Amino acid sequence: MGTTVLLTPAHDVETATDIVVKRQVSRGFDLEPGNERLKFLSRIEIYKSLADHIVRSADEPQLVADRIQKQLSKEIALYQI
């Protein structure tokens, strides 16, 4: 199996939920905030349980990429020992 990285806009579930719901509703598909909130909350714990790494994605793309690289580099170093 490979390594999984979960990108989330915030480590705090409530903050992440607020951010994701706002984004989803603003996309213009006539989505309901309450439904999107329930959908996100029903999935996030499953996603977290499957992730090898959880990285906050609310920053500039290069910073997010650097965080991912740092996490994966630590993992690779463990396998080289």
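Residues in the sequence shown are numbered consecutively from 88, following the numbering used here.
Ideal Cβ placement from N, Cα and C applies to all residues, glycine included.
All values reported here derive from a predicted model rather than from experimental measurement.
What is the rounded straight-line gap between the Cα of residue i and the Cα of residue j?
| i | j | result |
| --- | --- | --- |
| VAL108 | ARG143 | 16 Å |
| GLY89 | TYR134 | 15 Å |
Apart from the five residues just before and just after residue i, which ones in its own chain have a Cβ nearer than 7 Å to its Cβ?
| i | result |
| --- | --- |
| SER160 | none |
For residue i, does the three-state DSSP call read helix, strand or coil?
| i | result |
| --- | --- |
| THR95 | strand |
| ARG143 | strand |
| PHE127 | helix |
| THR102 | helix |
| ASP117 | coil |
Please report the Cβ distance between residue i and residue j, rounded to the nearest whole angstrom; I am assuming they are in contact, meaning their Cβ atoms lie under 8 Å.
| i | j | result |
| --- | --- | --- |
| ASP146 | VAL92 | No, ASP146 and VAL92 are not in contact; Cβ-Cβ is about 15 Å, not under 8 Å. |
Quick one: what's got a C-beta closer than 8 Å to residue i's C-beta in the same chain, skipping five residues either side?
| i | result |
| --- | --- |
| THR102 | PRO96 |
Ordered along the chain, which non-local residues of its own chain (more than five positions away) have a Cβ less than 6 Å from that of residue i?
| i | result |
| --- | --- |
| PHE127 | THR104, VAL107 |
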